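Q:
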Amino acid sequence: MRVASYRKLFFAISALLVLLSTVSLITFRLNPGIDFTGGAAITAVYETDVSSSRVSDALTAAGQPDAIVQQAGNNTFFIRLGILELDERDDTGNVVRRGDESRVRDALAGVGPVEIGSFDSVSGIIGAENVRNATIAVIVASLVILLYVTWAFRRVPSPLRYGVAAVIALVHDVFIVLGVFSVLGETINLEVNAMFITGVLTTIGYSVNDTIVVFDRLRENVARYTNATTRELVNLSVRETIARSLNTSITLIVVVVALLLFAGPAIRPLLYVLLAGVTVGTYSSIFIASLLLVSWDEGEIGRFWRRVRFRRAAA
Amino acid sequence: MLRQLRWKSLLAIIVIVGVAAAALFVPDYRIPGIGDRGSDDVLGLRLGLDLAGGTQLIYQAGLEGEAPTEEQMEGLVGTITRRIDRLGVAEPSIQQLGDDRLLIQLPGVEDTQQAKDLIGQTAQLEIVERVCEDALCSVFEDRPSGLTGGDMARAFPSTDQATSLPVLSFELNRDAAQQFAVMTQRIYSTNAPRTDSPDQLAFVLDGEVLVSAGVESPITAGVGIIRGNFTPEEVRQLAIQIESGRLPVDIEEISSSLVAASLGAQSLEEALIAGGVGLLLVLFFMAAYYRVSGLVAGMALVCYIIIVLAIFKLIPVTLTLAGLAGFVLSLGMAVDANILIFERLKEELQIGRTVQLAMQIGFNRAWPSIRDGNVSTILIALVLFFFGSGSANSAVTGFAVSLLIGVLASMFTAIFISRNLLGIVAASWLRRSARLFTPDAGTRDTRDRPAPAGGNG
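Quick mapping for you: the protein sequence lines, in order, are chains A and B. Take the first sequence: its letter number 50 is residue 42 in my numbering, and every next letter is one higher. Take the second sequence: its letter number 15 is residue 21 in my numbering, and every next letter is one higher.
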């Protein structure tokens, strides 16, 4: 296998995927859940047959005309509401006027005997904060990885390249996972929530681990075959690690698919992220991270930037 | 010598895994000096509210521009803890989150409204006159004095100038000083003629007496101290609680979450089934592909799971769905560590090495990548923990904690359990057939390799 010779093909595939993800993110956007926008989500399980329109009507009457009611199985409904108004209290803290939550509960109970399986309510402050924290966490994690990989590969010529390549692969993976989710958000109405963030973070962890395995082999081969070119060494290292990369990924994917078949709706978004993340993470560690090193070594990255700059200057 | 070492390590593995299994499978026990471990849930693990059911509330304190002080937050935690205790919740948890937030977890509580009503009330501090019927004041009647928290200027810990013992100091507002003087005069006067039943002064917060004391002399200037057999910490706590009733901090709910026990149980059951099926698939795959080493890895994985769950139980870590996700990722890393070792082992066998030597070299070659991969994951877990704690998003923190424990344990399993088990296999009769470890021993294709640059690395 001589992957390095086909690197432009793989770069083109990745560029296309990233482009498609960008287009999808711009057109469809992500479908943020209450963890990010604020609002309320309810699981209501009715004991008798109830139609979703009756639930909607009751909620409209309770001052929630924008409620989204989704039927999920027999008489089970997922309900999405906007940010709820809190109870109004006097100076001593006694409730003088009930807020939206009790009105909504009363409305749901008015339709028929019901068990509230879950009732989550998030304020706008928390939503904004979660978005900020998640973004910062991803950026800081990337920087830490850049530093660590550069340090771990300090005995190889130009270790910074390894760090940069690992982070590019990581960002590439996160981007494509976001793109996949914007499509899923549009098609099956999948929401981006706290579980999604954990999934993206898992993907980052997995992607970096996978990249390091290939780089580790490269590190070993660089020391062993001092006369070989980077291209030859990357070819050899990828060939030597591909069985392990595929085995690990297949194991994980099999587990995730098994989980998808058995697990309930609560962790399903996480599993979709993992499925997308593991797949793209394996791909990027084999075909992007290590091949970037070849391109860098052969001066292609410098040439590419000069061309981009030249075009900008010409325009 | 080498063989002896192997058997010693086997013994060590059996002891470690045995202790972990005992810690995990004995439902509940007491560790002297540390506390009780175990619960009524699966394997005595502590389950989060999303799996066990219950209510979780997050409040922001001091919304009106002014950030609350540390003492105010402590007072708030105390006040809310006392109210929750009245609800009769088993094992409630009220903690400060960051500088100005409260995280309240109420396992088993499904009446969110009642909990919110109780928590949202403003703390009420009253000064009452306690009229005693006997000398020990075991029978008494509390009469409201009309003085409340609003009449107080401050309460703070200090030391008695005469005895250097810790005392509680308090000051009343100028307007209230006169009324307080009359009241303390009256209480004091019960001292002289009726030494058998001196009346007392009491500070009451939310209907609960914080402190009561006799009056040694009327307090006319609105400034007094309360002596008692206090430790400095007790005085500090008293001052904080009186202050929390004097100047209640505004709180506002910023997040609330209710999961019914039935839904939590359903999530848990699904997660357990999915985990079991996933594990069986992995074990099957490893055994089919890596043969004897796959079986060894299977044993190592089962040991790994027992060790991690035992650590979860011993610390104890509260398991949530996000925490389970972190555990699954670390499980994946543990499987990966084994795969890395086996792939190296296969390579060494393919170039015709003996099983024993191949295992040694295979492990040594796989180790740097296991180490670097795991360290980078540990770093990510630490970053997540840092950004997750303090904010309201406990899902990220839960994920980070279980990932961190899982990855540390996975490194331990790879170094200690997998390697030694493989060593034992390599020392046994199984070593005679390399084909038990890989179908293509001694058949390595070396065509594409570049020429080694003299010497072997």
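Ideal Cβ positions, reconstructed from N, Cα and C, are used throughout, including at glycine. Small disclaimer: the values here were computed from a predicted structure and weren't measured.
Looking at the C-beta of R371/B, does it have a partner C-beta in chain A at a distance below 9 Å?
A: Taking Cβ atoms only, chain A reaches closer than 9 Å to R371/B, which makes this a yes.
Q: At a Cβ cut of 7 Å, what residues of the segment 337 to 356 of chain B count as close to chain A, listed as they run along the chain?
A: The segment 337 to 356 of chain B vs chain A, Cβ under 7 Å: G338, M339, V341, D342, I345, L346 and E349.
Q: Which residues in the same chain have their Cβ closer than 7 Å to the Cβ of Y194/B, if we skip the five residues on either side of it in sequence?
A: Excluding positions up to five away in sequence, the list reads V221, S223 and P224.
Q: I need the DSSP call for I161/B, collapsed to helix, strand or coil.
A: According to the sequence as given, residue 161/B is Ala; it is not Ile. Three-state result, A161/B: strand.
Q: At what residues does the beta strand (DSSP E) containing P151/A begin and finish?
A: Careful: P151/A lies outside any beta strand (DSSP E), inside the alpha helix (DSSP H) at P151 to T179.
Q: CA-CA distance, T274/A and G171/A?
A: So the alpha carbons of these two residues sit roughly 17 Å apart.
Q: DSSP state of Q111/B, grouped into three classes?
A: The answer is strand: DSSP assigns Q111/B an E or B state.
Q: Looking at chain B, is there any beta carbon in it that lies within less than 9 Å of the beta carbon of E290/A?
A: Not closer than 9 Å to any Cβ of chain B, the Cβ of E290/A fails to qualify, so no.
Q: Taking the C-alpha atoms as reference points, what is the distance between V173/B and I248/B?
A: Between V173/B and I248/B, the C-alpha separation is close to 14 Å.
Q: Under 9 Å between C-beta atoms, does F296/A make it to chain B?
A: Judged by the 9 Å Cβ criterion, F296/A is not in contact with chain B.
Q: Taking the C-alpha atoms as reference points, what is the distance between V298/B and A277/B?
A: Their Cα atoms are separated by approximately 30 Å.
Q: Suppose you measure from the CA of L112/B to the CA of W435/B; what does that come to, to the nearest Å?
A: Those two C-alpha atoms are separated by around 57 Å.
Q: Tell me, please, whether the CB atom of D454/B is closer than 9 Å to any CB atom in chain A?
A: Legend: pLDDT at D454/B = 48, less than 50; position of this residue unreliable, no value from coordinates given.
Q: How long is the line joining the alpha carbons of C309/B and N66/A, rounded to whole angstroms?
A: Distance between the alpha carbons of C309/B and N66/A: 41 Å.
Q: Assuming F291/B and T243/A make a contact with CB atoms under 8 Å, what is their CB distance in whole Å?
A: At roughly 6 Å, the Cβ-Cβ gap stays under 8 Å, so F291/B and T243/A are in contact.
Q: Just to confirm before moving on: does the CB-CB distance between G429/B and S45/B stay below 9 Å?
A: No, Cβ-Cβ distance for G429/B and S45/B is not below 9 Å.
Q: So is L286/B buried or exposed if we call it buried at 16+ other beta carbons inside 10 Å?
A: Label assigned to L286/B: exposed.
Q: Counting pairs of beta carbons, one from the segment 346 to 366 of chain B and one from the segment 70 to 87 of chain B, are three or more of them closer than 8 Å?
A: At 8 Å Cβ cutoff, the stretches do not touch.
Q: Can you give me the Cβ contacts of S408/B inside the same chain, cut-off strictly under 6 Å, excluding the 5 residues immediately before and after it?
A: Correct list, in chain order: G329, G332 and F333.
Q: Considering Cα atoms alone, identify which of Q66/B, A432/B and L253/B is closest to V129/B.
A: According to the sequence shown, residue 129/B is Ala rather than Val. Nearest of Q66/B, A432/B and L253/B to A129/B, Cα basis: L253/B.
Q: What residues from the segment 233 to 253 of chain B come within 8 Å of chain A, judged by C-beta to C-beta, listed N to C?
A: From the segment 233 to 253 of chain B, no residue has a Cβ closer than 8 Å to chain A.
Q: Would you say D106/B reaches chain A, if we count a Cβ-Cβ gap shorter than 9 Å as a contact?
A: Output row for D106/B: interface = no.
Q: Would you tell me roughly how many angstroms separate the C-alpha atoms of I386/B and L162/A, rounded to the nearest one?
A: Their backbone Cα atoms lie some 12 Å apart in a straight line.
Q: Taking DSSP as the reference, what is the three-state secondary structure of L182/A?
A: L182/A: coil per DSSP, three-state reduction.
Q: Please return the same chain residues whose Cβ sits closer than 8 Å to the Cβ of N462/B, not counting the five positions on each side in sequence.
A: Residue placement at N462/B is poorly supported in this model, since its pLDDT is 42, which falls under 50; the coordinates are not used for a value here.
Q: Taking just the CA atoms, how far does L211/B sit from L131/B?
A: Roughly 4 Å separates the two Cα atoms.
Q: Can you tell me whether F296/A is buried or exposed? The criterion is at least 16 other CB atoms within 10 Å of its CB, across all chains shown.
A: F296/A comes out exposed.
Q: By a C-beta neighbour count over all protein chains shown, 10 Å radius and 16 as the cutoff for buried, is Q78/B buried or exposed?
A: Classification for Q78/B: buried.
Q: Got a sec, what are the start and stop residues for the beta strand (DSSP E) F70/A sits in?
A: Run containing F70/A: T68 to L73, per the beta strand (DSSP E) assignment.
Q: To which residues does DSSP link E147/B through a beta bridge?
A: DSSP lists V137/B as partners of E147/B.
Q: Just to confirm, are P472/B and D91/B a CB contact at a threshold of 9 Å?
A: Shown here, chain B extends from 7 to 463; a query on residue 472/B therefore has no answer.
Q: Give the interface partners of V265/B over in chain A, defined as CB-CB distance under 7 Å, in chain order.
A: Going along chain A in sequence order, the residues near V265/B (Cβ under 7 Å) are S110.
Q: Could you check the C-alpha separation between A144/A and T221/A for me, to the nearest Å?
A: Rounded to whole angstroms, A144/A to T221/A spans 21 Å at the Cα level.
Q: Taking only beta-carbon atoms, is N201/A less than 9 Å away from chain B?
A: True, the Cβ-Cβ gap to chain B drops below 9 Å.
Q: Can you tell which of S250/B, Q167/B and G126/B has its C-alpha closest to the C-alpha of G85/A?
A: Closest option to G85/A, Cα to Cα, is G126/B.
Q: For a contact defined as C-beta to C-beta under 7 Å, what are the partners of T383/B on chain A?
A: Under the 7 Å cutoff, chain A gives G197 and N201.
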